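Working notes for the structure below.
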Amino acid sequence: MSPEETLASTSEKILIVSDDAAARQRLAELLASAGYEISAAGAAEGLPGVRTQAADLALLDARSPGIDLDPWISELKGSAATSATRVVVLAAGAAAERARHLDLGADDVLPAGYEPAELLARVRVQLRAKRVLDELRDKTRLAEEGQEIAHTAFQALAVTEKMTRDAFSLDRMLKIGVTAVLLIAVVMAGIFFLYSRRAEKETRRAYAAIMQLERGVMRQEDLVARSRKMRAEMQQSEAVATDAQKQQLEKQSEELRTKMAGGGGGDVAKLRQQLVETNVRLKRVEEEGRVAQDIVRSYVSSICLLHVVVAFRDKQSGQRLRYAGINPQGEPLQDSEGKPIFTLEGRGPDVRADFFGTGFLATPEGTILTNHHVVEPWWENDELNQASQQGLEAVISEITAYFPNASRGYRVEIQKISSEADLAAVRGDLGDLKLPPLALDAGKDAAVSGQPLVSIGYATGLAAILARAGEDTVQQIVAATAGNPKQVMAELARRNLIRPLTTQGHIGDVLKDKIVYDAQTTSGGSGGPLFNREGKVVGVTYAVVRGFGGSNFGVPIRFALPLLSR
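In terms of the numbering used here, the sequence shown opens at residue -12 and continues consecutively.
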């Protein structure tokens, strides 16, 4: 429960109606432990005092045989004095019985066999919805009062003008009084107009910013569909790329041997030379494969997936952008057009955007190297900058590092950001992991054109991890977490499913400020280490040329050394 919910629950009242004294006592103890004020009654006692209970939520226990709670539902939901009360029914009947309770006006129905945690969650959802509706009622009332005041002021203005015409001969003091009334009326009308305009402007601004983010948010169905599509693509890619070069060289070597055995005449010497060259290339490919395997075996546990959560706040007031509320299905409240309702006030959950990148352990003290644009996703990001132009600014809500073989995530914070390159250092308490930091090589000959290179990272972030988890596992995780990225990551860590992707290639060119290489990677691989044939980190991935897999870019590791100084 959030601090706001804890604070709110201390003043929220719950009425428990049950003919089972023991069940009534258990429910009262459970809800009281959550901080709610409890009152209880038996259904058989009738309906006296329902209107005087003034409960925020009524919990009706329909599990006792022969109990009839229909009058209670009708009274609680039909009375003008108590219509704001939320009604939750604990039902023991079949689906038709639960549907009948909902038709009578119940806000939620729990079937038999519910868990206490589920009951508390359902209660919190209903109370959040009530708070949202109460706030909407208050705002509506204030707006109506403001409109009434403005109407009265305009009426006063009309009367004043008439009095001015009729009392033209009055002395100067009377004219001053009339002018003062006129000014007050104009000021009040102006305040009401500005208030309405400000509310409309806030709504337009919030929609303009959030529509940019909604495209990147994945619902439950989206997560399943995207992981299924990526799994098919990965299987196809692996089938094409697995040992392709090695197989081609082995085939070529066998063909040359066959030609030589059949007698090549004067071409035997030439065929022998081709066979020698082919075998040299084959040996080099096999050696590079063994180097990649050694690197993965030694260092993969120190390469983490970074989950960066971004929130938004108003530049002027500093208030966080929030959803207006959450419906019983756990989704944001929507307007008549099906769009989420946003606000800078209230107690709804923050609007959040999730980003993923790669990092790796660079010091024994727990310093993790990654990219600047990973830890501050709005840096050189056009979509997030559009939100800034609408009066909102992005802020880091939290950063969590997930390491292979670790059953949970570790909170980290930004330590340093480079002013020279797209690099940053984050740090957190990783004491119980005891992972080895990666060896760095900033020497002049550490990265050489034409030399083999190994890239490790979490390309495509969460989607690739789910794609490798298997269809059944993905369905289970998504169902258990409702697609919430933070909960999905926690479940993946618990199941020990977080693993980076490894690709091999060669260094194409080494420039002053970048390393050009052809090992495949994509979004999410940013911040990943680039290893040379000695198993040392010579660069950090930072950019991908989309549509052209032959050129990806890494920052030379020497630019990261100032970030690691004590």
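By construction, the Cβ of each residue, glycine as well, lies at the ideal position given by its N, Cα and C atoms. Values in this document were obtained by computation on a predicted structure and should not be read as measured data.
Buried/exposed call for residue i, threshold 16 Cβ in 10 Å
i     : result
G174  : One detail in the question is off: residue 174 reads as Val in this sequence, not Gly. Under this definition V174 is an exposed residue.
I171  : exposed
V146  : exposed
A434  : buried
Y101  : exposed
Q306  : exposed
Q491  : buried
P632  : Lying outside -12 to 553, the shown extent of the chain, residue 632 is not represented and no answer is given.
Q12   : exposed
P351  : exposed
S513  : buried
E363  : buried
E332  : exposed
A42   : buried
Q222  : Its pLDDT being 46, under 50, Q222 is placed unreliably by the model, and the measurement read from it follows with that caveat. Label assigned to Q222: exposed.
T528  : buried
L63   : buried
R398  : exposed
D6    : buried
N314  : exposed
H88   : buried
A381  : buried
E(-1) : buried
G312  : buried
K431  : exposed
N392  : exposed
P472  : buried
R38   : With a pLDDT of 48 at R38, under the threshold of 50, the modelled position of this residue cannot be trusted; read the value that follows with caution. Flag for R38 reads exposed.
Coil, strand or helix - residue i by DSSP
i    : result
F141 : helix
Y286 : helix
Q463 : helix
T127 : helix
G512 : coil
D301 : strand
Q402 : strand
E132 : helix
E122 : helix
E24  : strand
R481 : helix
I54  : coil
A45  : strand
D281 : helix
R395 : coil
L517 : strand
L293 : strand
8 Å contact criterion, which residue i and residue j should meet: CB distance rounded
i    : j    : result
L488 : A446 : 5 Å
G526 : P543 : 5 Å
P424 : A349 : 6 Å
L56  : V76  : 7 Å
G444 : A388 : Contact flag wrong, Cβ pair sits at about 14 Å.
A45  : V112 : Their Cβ separation, rounded to whole angstroms, is 15 Å, which puts A45 and V112 out of contact at 8 Å.
I452 : R414 : Actually they are not in contact, since the Cβ atoms of I452 and R414 sit about 24 Å apart, beyond 8 Å.
L548 : A429 : 6 Å
G353 : L417 : 4 Å
D121 : R109 : Actually they do not touch by this definition, with Cβ atoms about 19 Å apart.
S436 : V524 : Between V524 and S436 the Cβ distance is about 18 Å, and since that is not below 8 Å, they are no contact.
First and last residue of the uninterrupted beta strand (DSSP E) at residue i
i    : result
V74  : R73 to L77
V497 : L488 to V497
L2   : K0 to V4
G541 : N539 to P543
Y504 : I502 to Y504
D95  : D95 to L97
G526 : V524 to V531
Where the alpha helix (DSSP H) containing residue i begins and where it ends
i    : result
L550 : L548 to L551
A86  : A82 to L91
S17  : Checking the sequence shown, residue 17 turns out to be Leu, not Ser. Looking at the DSSP string, the run of the alpha helix (DSSP H) that includes L17 is A8 to S20.
Near the ligand COA: residue i beta-carbon under 7 Å from a heavy atom
i   : result
G29 : Absence of the ligand COA is noted for the structure shown, with no ligands found whatsoever.
Runs of beta strand (DSSP E) lying entirely within the segment 407 to 460, each at least 3 residues, in chain order: Runs of the beta strand (DSSP E) inside the segment 407 to 460: 411 to 415 and 439 to 444.
Can you list, in chain order, the stretches of the beta strand (DSSP E) that have 3 or more residues and sit fully within the segment 318 to 392? Within the segment 318 to 392, the complete beta strand (DSSP E) runs of at least 3 residues are 339 to 348, 354 to 357 and 379 to 389.
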